[in-house]
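Comments concern the structure below.
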Amino acid sequence: MALDKVGIAKRIAQELRDGWYVNLGIGIPTLVANFVPQDITVEFQSENGILGMGPFPFDGEEDADLINAGKQTVTLMPGASIFDSATSFAMIRGQHVQLTVLGAMEVSQDGDIANWKIPGRMVKGMGGAMDLVASAENIIVAMMHTNKKGESKLLPSCSLPLTGVGCVTRIITNLAALEIKNGAFHLLERAPGVSVEEIKAATAGELVVPENVPEMKID
Amino acid sequence: MALDKVGIAKRIAQELRDGWYVNLGIGIPTLVANFVPQDITVEFQSENGILGMGPFPFDGEEDADLINAGKQTVTLMPGASIFDSATSFAMIRGQHVQLTVLGAMEVSQDGDIANWKIPGRMVKGMGGAMDLVASAENIIVAMMHTNKKGESKLLPSCSLPLTGVGCVTRIITNLAALEIKNGAFHLLERAPGVSVEEIKAATAGELVVPENVPEMKID
Amino acid sequence: MAINKVVAGAQEATTGIEDGMTLMLGGFGLCGIPENCIAEMVKMNVTGITCISNNAGVDDFGLGLLLQKKQIKKMVSSYVGENDEFERQMLSGELEVDLIPQGSLAERCRAGGAGIPAFFTPAGYGTEIAEGKEVREFNGKPHILESALTADFAIVKAWKGDTAGNLVFKATARNFNPMMAMAGKITIAEVEELVEEGELDPNTIHTPGIFVQRIFQGTGYEKRIEQRTVRQKG
Amino acid sequence: MAINKVVAGAQEATTGIEDGMTLMLGGFGLCGIPENCIAEMVKMNVTGITCISNNAGVDDFGLGLLLQKKQIKKMVSSYVGENDEFERQMLSGELEVDLIPQGSLAERCRAGGAGIPAFFTPAGYGTEIAEGKEVREFNGKPHILESALTADFAIVKAWKGDTAGNLVFKATARNFNPMMAMAGKITIAEVEELVEEGELDPNTIHTPGIFVQRIFQGTGYEKRIEQRTVRQKG
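So the protein sequences, as listed, match chains A, B, C and D.
With the numbering used here, letter number 117 in the first sequence gets 294, and the count goes up by one each step, no holes.
With the numbering used here, letter number 163 in the second sequence gets 340, and the count goes up by one each step, no holes.
With the numbering used here, letter number 223 in the third sequence gets 236, and the count goes up by one each step, no holes.
With the numbering used here, letter number 75 in the fourth sequence gets 88, and the count goes up by one each step, no holes.
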């Protein structure tokens, strides 16, 4: 059975490492914060100026002056810090943030990502995405394997305007976990109950399939 | 009678304008802070990270963590702020500081200044002087008109390694107040009792002397 | 005594803002926006303005109020969603939009205030943002040259301020405000609480007063929440 | 819980510092220098180091202690007066010295930490500092291209710090410390007072913990005054 959004978030949480600072994009990535393994410590960075972002506030305790980059009311963890946008992106650009998780409309087998603009449609802007993908050492894309029309989002090359080039290192979709290297998607794991054939069929770009493709372990 | 260092500082203080932020270099410039006209407000910036620098502390109240750019113990005025060195030079480079007063070994009639290095002698470094002279809109040089050998320090061109080019707008010496424009020193005022002839004799660069050269008014 | 920057209110503070000017406005979403000055600019009906602001407000609040009255000619932002009137004007061509990566926007404002005319950044390399920009490799990685941004007026909102123009921001209402304060030819700060010089700890000031030319205590802050997200106790 | 950066003391903090490395050391004169780590480096006798530090200490304190033992190969500074041993080694050619305008030094450290490989500044144009550097005119004014500085280790001194590595500096002991903290591959912070996470106000932190890899509470701070200047009461 393909993963739902929560399943994707749970699988991404397995990629977290102790001591990492992590920036989570809007949507599925935000859910990752709920599934941090109990034996590790990570801190969440929000590019509008938080390190050590905590969960949503309790009802009635929300503060208009304390939001995340998705403009949602949030809280601070003990040890948190606040800073301006220039300092925030100094952290990002200077590679002090170890991991960025974000959504995408398309990813190419060379690691290019497109997630901000569809020609002819209203363009809302790239926000911090271009800075994030240009800098982070580890970039995980969280997305559905195919779009609403059933077309693959893992392509030989992106058709949409790019957000960044050669930057995505890992993709977690509803069907699979994949690594990008040497100009190809490398299949790492299958979603529970999903066959290699299904993944092959849903992947338009070059897919390297090892002899053994383990099934994801999702609690 | 030529001015002494205090006299030079007093004359420079007459150049201050209400609402200006001012950076004072080491030596004579530092003395200017003692003679701010009572009817104006200025704030002193120290490039190691102070805005609103106050006088030396009272004996016994000095704080090793609160020094000026000359490494002297100082105090803060009400409304002062503290910041890091990058922010301090952002203020300077960004022309938020209206006036810089500093000493010099040589000044040329084009406004070049040399004040940091004598070939063959121990070089201590330029500190913040190059940033200050490259950026300030108003740069007043405070110095003796001649060096210890009696040679003019106001030259057609500097012989020593430069600190900045075409930046000095005004010079206050023990003998005179001068403006630099159109590639020449323009005599503005004589020190009390000093003749135009004496100033001419002590100035190696091109000196423009108006018909009337008033005497400085120093309290 | 420190240099006094106090003006009576939004009207005096915004004096000199004219049609066609370039303005920077602090804030991220509706968080930390200069509500009083925006209201005043709606009232004075200044038009043809170029707004440098990370976002464009929502339909009926923030910069959306200026958009409603078609006072804005051009938006320079990183993200402009959540605003139907914005979308309409943009798609009809009435409104020019210059989209800039958020980190580059922040750094370009800081650079403008810091006397750094240009700097290299990896953000946007290989994308349409890089078109027409110089590309140079450093440490084996391509970077693009970005230029400084400045404004005729920068308008920021702080939590506390003193008569000397020193500012302290609260939580994430800080965002773009400090850099924009640096980059305005004239910087206006509206604050929730204006105190006397000497009342703020010099060690904890976010924006030194040198960057602020006019300051006043604002009134009636709505501080609207754009995405109210909460969890339940227990 | 935040990421814990606490190490036992100077010895553990300086583990991994090796001969020939490039180090950044915070401080301005003797103000805000990492006294404990300097003492430890004297003890461990690391040699051939390149020190990026605004100043070089005095003969018997600060970096002067490392100079005495000839542990420093090269100084990268803006001002190096007040140190006879420094002068002797420099004039004899034992010590390399790279002098950099103070503002460019500060900005180059910030750039190193902020992922900005190079930027334009007017400082030093037309002087020997500009030799070999690209010159470009912006707004009619010539600027030179300066590159980022980074270090194998950055060693900073703060007033207070918490277990998460967040730092607060006191008065002008802040100086170069925040930018250097950003620019170290590994950043060591020694603090006068180490507190638990949550004890520092998130809104008043000068250096966020992300920039600090190791933190410890130092001991026996001498905090020597270089130029004791006072006035008399009355």
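For every residue, glycine included, the Cβ atom is placed at its ideal position computed from N, Cα and C.
Predicted, not measured: the structure shown is a model, and the values here were computed from it.
8 angstroms Cβ cutoff met for residue i and residue j
i               : j               : result
T346 of chain B : N324 of chain B : no
A306 of chain A : T264 of chain A : no
E98 of chain D  : G77 of chain D  : yes
N188 of chain D : F41 of chain D  : yes
G297 of chain B : I259 of chain B : no
G382 of chain A : Q272 of chain A : no
L352 of chain B : L384 of chain B : no
V219 of chain B : I189 of chain B : no
L309 of chain A : I269 of chain A : yes
E147 of chain C : T134 of chain C : no
V373 of chain A : A179 of chain A : no
Y92 of chain D  : G302 of chain B : yes
P114 of chain C : S160 of chain C : no
I218 of chain C : V181 of chain C : yes
T277 of chain B : M321 of chain B : no
A26 of chain C  : I201 of chain C : yes
G75 of chain D  : I30 of chain D  : no
C44 of chain D  : A164 of chain D : no
I54 of chain D  : L79 of chain D  : Residue identity differs from the one stated: residue 54 of chain D is Met in this sequence, not Ile. Against a cut-off of 8 angstroms, the Cβ pair of L79 of chain D and M54 of chain D comes out as a contact.
Q240 of chain D : T250 of chain B : yes
Nearest to residue i (by Cα), restricted to the options the options
i               : options                           : result
P191 of chain D : D:I142, D:V169 and D:K173         : D:V169
L36 of chain C  : C:N216, C:R187, C:M195 and C:K236 : C:M195
V318 of chain B : B:I227, B:A267, B:E374 and B:G343 : B:G343
N211 of chain A : A:N225, A:M230 and A:G288         : A:M230
V274 of chain A : A:L228, A:D240, A:N245 and A:I357 : A:L228
A241 of chain A : C:Q245, C:R244 and C:E235         : C:E235
I238 of chain C : C:F132, C:I142 and C:G70          : C:G70
K173 of chain C : C:G231, C:E141 and C:V110         : C:G231
V89 of chain C  : C:D73, C:G153 and C:C122          : C:C122
E206 of chain D : D:D175, D:K146, D:L158 and D:G22  : D:D175
G116 of chain C : A:A179, A:I349 and A:S312         : A:S312
E141 of chain C : A:V373, A:K182 and A:L337         : A:L337
V20 of chain D  : D:M14, D:Q226 and D:N216          : D:Q226
A291 of chain A : A:L193, A:G280 and A:I395         : A:G280
G288 of chain B : B:T207, B:A257, B:F362 and B:I217 : B:F362
G106 of chain C : C:G153, C:P114 and C:K86          : C:K86
G39 of chain D  : D:C64, D:N58, D:M57 and D:V55     : D:C64
I205 of chain A : A:D216, A:M299, A:K187 and A:I376 : A:K187
I199 of chain D : D:Q24, D:T28 and D:G22            : D:T28
V183 of chain B : B:A368, B:E388 and B:D261         : B:A368
P391 of chain A : A:F221, A:N359, A:A354 and A:A379 : A:A354
K246 of chain C : A:K294, A:G237 and A:V251         : A:G237
Q84 of chain D  : D:E209, D:D32 and D:P155          : D:D32
Residues bridged to residue i [DSSP beta-bridge criterion]
i               : result
Y198 of chain A : A:E220
Q249 of chain B : D:Q240
A186 of chain B : According to DSSP, A186 of chain B bridges with nothing at all.
F38 of chain C  : Before going further, note that residue 38 of chain C is Leu rather than Phe in the sequence given. L38 of chain C is bridged to C:I168.
M230 of chain A : A:L253
Q230 of chain D : D:V204
M131 of chain D : The sequence as given places Ala at residue 131 of chain D; Met does not occur at that position. Paired residue(s): D:S160.
F235 of chain A : C:R244
Residues from the region 117-143 of chain C in contact with chain D, defined by Cβ distance under 8 angstroms: E120, A124, A127, G128, I129, P130, A131, F132, F133, T134 and P135
Complete beta strand (DSSP E) runs within the region 317-371 of chain A (minimum length 3 residues, chain order): If we require 3 residues or more, the beta strand (DSSP E) runs fully inside the region 317-371 of chain A come out as 347-349, 353-358 and 361-367.
Residues in the region 155-179 of chain D having any Cβ partner in chain A nearer than 8 angstroms: Among the residues of the region 155-179 of chain D, those with a Cβ less than 8 angstroms away from any Cβ of chain A are D175, T176, A177 and N179, in the order of the chain.
The region 213-242 of chain C: positions lying closer than 7 angstroms to chain B by Cβ: P215, N216, I218, P221, G222, I223 and F224
Residues of the region 271-291 of chain B with Cβ closer than 9 angstroms to any Cβ of chain C, in chain order: Look at the region 271-291 of chain B: the residues with a C-beta under 9 angstroms from a C-beta of chain C are G271, Q272, H273 and V274.
Minimum length 3: unbroken beta strand (DSSP E) runs contained in the region 155-218 of chain D: Correct list: 164-175 and 197-208.
Contact residues within the region 311-341 of chain B, judged by C-beta distance below 7 angstroms to chain C: S312
Alpha helix (DSSP H) segments (min. 4 residues) lying fully within the region 55-113 of chain C: 77-81 and 97-105
Length at least 3, wholly inside the region 246-314 of chain B: the beta strand (DSSP E) runs in chain order: 252-259, 276-279 and 283-285
Against chain C: residues of the region 216-238 of chain A by CB proximity under 9 angstroms: S223, E224, N225, G226, I227, P232, F233, P234, F235, D236, G237 and E238
Members of the region 243-263 of chain B that neighbour chain D once the beta carbon cut-off is set at 9 angstroms: Against chain D - using a Cβ distance shorter than 9 angstroms - the residues of the region 243-263 of chain B are L243, I244, N245, A246, G247, K248, Q249, T250, V251, L253, I259, F260, D261, S262 and A263.
Cβ-based contacts, 7 angstroms cut-off: residues of the region 67-101 of chain D near chain B: S90, S91, Y92, V93, G94 and E100
Residues of the region 187-205 of chain C with Cβ closer than 9 angstroms to any Cβ of chain A, in chain order: If the cut-off is 9 angstroms between Cβ atoms, the region 187-205 of chain C has R187, N188, F189, N190, P191 and M192 near chain A.
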